[in-house]
Amino acid sequence: MYTAASRAWGPAMSQTVLHQFLPGARSGDAITDQALMMRRWLRDMGYTSQIFAQHIDSDVETDILPLSRHRLAPDETLAIYHHSIGSDVLDFLKRRKFQLILIYHNITPPEFFAGIDPLMAYQLRLGQAQLAELQPITRLALADSSFNAIDLRVAGFQKRAVLPITLQPRRYDIAVNPDLAARLATTEPNLLFIGRVAPNKAQADLVILLHFLRRVRPAGHLYLVGDRGGTGYDEWLEQLTQELGVAEHVTLTGKVSHEDMVTYLKGADLYVSMSEHEGFGVPLIESMYLGLPVMAFGAAAVPETLDKAGLLFFDKNYERLAELAHLVLADEALRRRMIAAQHRRVQAFLEPKVRFRFEAHLQNLNLRRPKRRIAVVVQRYGEEVNGGAEVHARLLAEHLLELGEVHVITTCAMDHHTWANAYSPGEDRLNGVAIHRFSVDAPRAPDFREKTTALVDDDAHTLFDEVQWIMDQGPYSSDLLDFLQDSYHFFDLFIFFTYLYAPTYFGLPLVSDKAVLVPTAHDEPYLYFPIFRPLFHLPQAIVYSTEPERELVNKITNNDHVRQVVAGMGIEPPPNASAARFRAEYAIDEPFLLYVGRIDEGKNVPELIDYFTRFRDETDRPLKLVLLGRLNIDLPARADVVSLGFVPEQVKYDAIEAAAALAMPSLYESLSIVLLEAWSQATPVLVNGWSDVLRGQIERSNGGLIYADYDQFVQAVNSLLDNDSLRAQLGRQGRTYVMERYQWPGIVAQYRLIFDAVTGERQQ
């Protein structure tokens, strides 16, 4: 049997039109809903996509087109056909000479309608016959369930797989009809079944069950929600309710709106299905999603749909089932266990998972998606996050939008010290970029720093110790890793930021043949850990921020055979930075050195503060040190050391404009973004020469001064304060350097070449 993981088969296809065809369409119909959702997926992928049907109810005619409206496009050779009943649509598709992706939704055995609805029985027999006709022109057949796939196997379909009906949570997370909800509250406990009133749905068995249940407990109401069908079965049901004395306790609602259907689901106490034939059973998963306990007769695909969630029975012993229903209604502990199991089961039917499988099937048909789709994987993401790698990732994601659709895969963490879940899990959007956030499994170990010191000092530590260290460091999110694995076919390229953290270490190997690594590496003890060396050999390309970073990684990991470029990031000068505005807002009149970034030991800020305070105490020159960023250390109680915390971008630009120089004390940098931002505003910089990256940037740009100890710090600060022309010259040279090397058009062009190279090799 074909699966989503199978090798691609058939010739590559590049059509840009992919339409769906149905025998009929009506609102509230599971097949119609699935087709509408698939149309959205196809359009998101870049296809021109419509839905055409032979019979269209008036309530969906704005969304569905009649067959007569179809016009064959020049490159249109493949179409999607939803098959569940006989119709003239197959002849239409044959005349168009289409190859098909068949979505098989099962055909109800016609015997259920013999003598009740002859026309329906005929259409079902025709559907069974047409299934065999579809086989020669079908490139791939997808069934709602493994049960349905049996029909495909018997009919001779070689390329077949299972693609379940999809649950769209947003369709159920809506307000209820208040009037209907109030009525339901007066008839509790409420039993519910949703489905067309028809013999195969066995609503009569539910009426009998209610009769026995009311013997056990003198309360309860049965709601049968669904089109009454017009075959006479509904009238027979009403007669049965009279004979059993439950007519006042059974409601046949007829067809209802989506809002009312959700209200019934939320107002019910137990969902019961006695259906004799279900190819899937959409109301079962709707009930499970909304926390409604389910009891179901194990006919056809029902055992597969429930999969050990809910209560499954195979014998319609009404007395025993009434006792079981009473137990579910009365035992809160049992209800909680059922609801928890159903919640776990329904995750398999949520839209992202099914959509990923659908796109995987299309890719394995060698059907090339018209629109590129890129994923950026980074440990934290958001405008509130001020880490250098995270800012780099955010700006790159926004600029890559010109190459295609961009998604960010990240955690819910904001604070890199704890990885505490600060954002809500789920989907979000920022500046045109789709964001997928996942909860961190556990916070960073409180003794992580001590563990790190012990590991670095222990030359005899093992690879297992290093793996545990990565887990302890985090942020580890099993949901994020599951998403990466599930979404392999959904994305054309995965760009991983920062070699050091769990999302990259554990995530990149899952998608290595589509992966690009932006390591943001610097000369730190962890880079030398043996466990990281294979990571630098796995991606299809590595993008370094600076030449020293590339040389360092090549030397340590011996990975110079991997495709690699130095691209960095683009820097755009702010249009309206104002030194006067900053000085007025914060009442700072003196010259000042500016530091921007995390205010912690990892950035060597304590040394900067020590050098600055010694300089001030020894020289008494009018100078302040202004710190912008999240404060993670204690500061001396001095008026000349000013911490403003995390500030808006405009305040940062104003501060850079006003500063005598930007100070960068860090020992470990792969690329200092704020350094480039300062140069873009012609502000000189003062950097720690023990950082190869920072020293290299100064040597190439001539945009600042270097210090390696306190004496050199004093000399550099005095030079900047005493010589305005020197300060201006350094700033101009820095700006020239940025304008020549760090502009987004050139950087995006580099990524375009990487994208084309990686995707081109994979298609070969």
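Mapping the sequence shown onto this note's numbering, position 487 (from 1) lands on 498, and the numbers just tick up by one.
Note that CB positions come from ideal geometry on N, CA and C, so glycine has one too.
Just so you know, the alpha carbons of aspartate 735 and leucine 511 end up roughly 41 Å apart. The three-state secondary structure of tyrosine 748, taken from DSSP, is helix. Histidine 288 sits away from asparagine 377, with the two beta carbons spaced by 7 Å or more.
Residue nearest to histidine 354 within the set Val388, Leu317, Ala336, Val339 is Leu317 (criterion: CA-CA distance). Contact between the stretch 653-663 and the stretch 589-609 is present: 3 or more CB-CB pairs across the two stretches fall below 8 Å. A contact between stretches requires three or more CB pairs, one per stretch, nearer than 8 Å, and the stretch 156-171 fails this requirement with the stretch 231-241. At a Cβ-Cβ threshold of 7 Å, tryptophan 480 and leucine 491 do not count as neighbours. Threonine 422 carries a strand assignment under DSSP once its states are collapsed to helix, strand and coil. Judged by their CB atoms, leucine 741 and alanine 727 are not nearer to each other than the 7 Å cut-off. Non-local beta-carbon contacts of glutamine 761 in its own chain, meaning distances under 8 Å to residues more than five positions away in sequence, involve Val554, Val576, Ala578 in chain order.
Judged by beta-carbon spacing, tyrosine 92 lies beyond the 7 Å limit of leucine 163, meaning their Cβ atoms are not closer than that value. Using a Cβ-Cβ distance cut-off of 8 Å, the stretch 51-70 and the stretch 294-312 are not in contact, since fewer than three pairs of beta carbons, one from each stretch, lie closer than that value. Contact between the stretch 688-701 and the stretch 537-550 is absent: fewer than 3 CB-CB pairs across the two stretches fall below 8 Å. Scanning the stretch 565-605 for uninterrupted alpha helix (DSSP H) segments of 4 residues or longer gives 590-597, listed from N- to C-terminal end. In the three-state scheme derived from DSSP, where H, G and I count as helix and E and B as strand, lysine 635 is classed as strand. Methionine 675 is classed as buried because its beta carbon has at least 16 other beta carbons within 10 Å across all chains shown. Shown here, serine 654 sits in a strand according to DSSP, grouped into three states. For proline 189, the enclosing alpha helix (DSSP H) stretches over residues 189-195. In the three-state scheme derived from DSSP, where H, G and I count as helix and E and B as strand, aspartate 55 is classed as helix. Taking the Cα of lysine 382 as reference, the smallest distance to any Cα among Glu416, Asn375, Met49, Ala140 is reached at Glu416. As summarised for the stretch 85-113, the continuous beta strand (DSSP E) elements at least 3 residues long and confined to that stretch are 89-94, given in chain order. Contact check for glutamine 61 against histidine 30 passes: the beta carbons are separated by less than 7 Å. Residue environment: leucine 195 is assigned as buried (16 or more neighbouring CB atoms within 10 Å of its CB, all protein chains considered).
Separation of aspartate 703 and arginine 711 (C-alpha to C-alpha, rounded to the nearest whole angstrom) is 12 Å.
Between glutamate 668 and alanine 590, the C-beta gap is smaller than 7 Å, which places the two residues in contact. Cβ neighbours of alanine 41 within its own chain (closer than 7 Å, five residues either side excluded): Ile176, Val293.
In this structure, the beta-carbon distance from phenylalanine 204 to alanine 333 does not fall below 7 Å.
Within the stretch 141-182, the complete beta strand (DSSP E) segments of 3 residues or longer fall at 149-154, 171-173, listed in chain order. In the DSSP assignment, serine 284 falls within the beta strand (DSSP E) that extends over 281-284.
Beta-bridge annotation (DSSP): alanine 674 is paired with Leu697. Under DSSP, the beta-bridge partners assigned to aspartate 439 are Ile446. When the Cα atoms are used, phenylalanine 494 and aspartate 631 turn out to be separated by approximately 58 Å. Exposure of glutamate 254 is indicated by the presence of fewer than 16 other C-beta atoms within 10 angstroms of its C-beta. Listed in chain order, the alpha helix (DSSP H) runs fully inside the stretch 193-248 are 214-227, counting runs of at least 4 residues. Under the three-state reduction of DSSP, glutamine 723 is assigned to helix.
In this structure, proline 454 lies near alanine 431, with their beta-carbon atoms less than 7 Å apart.
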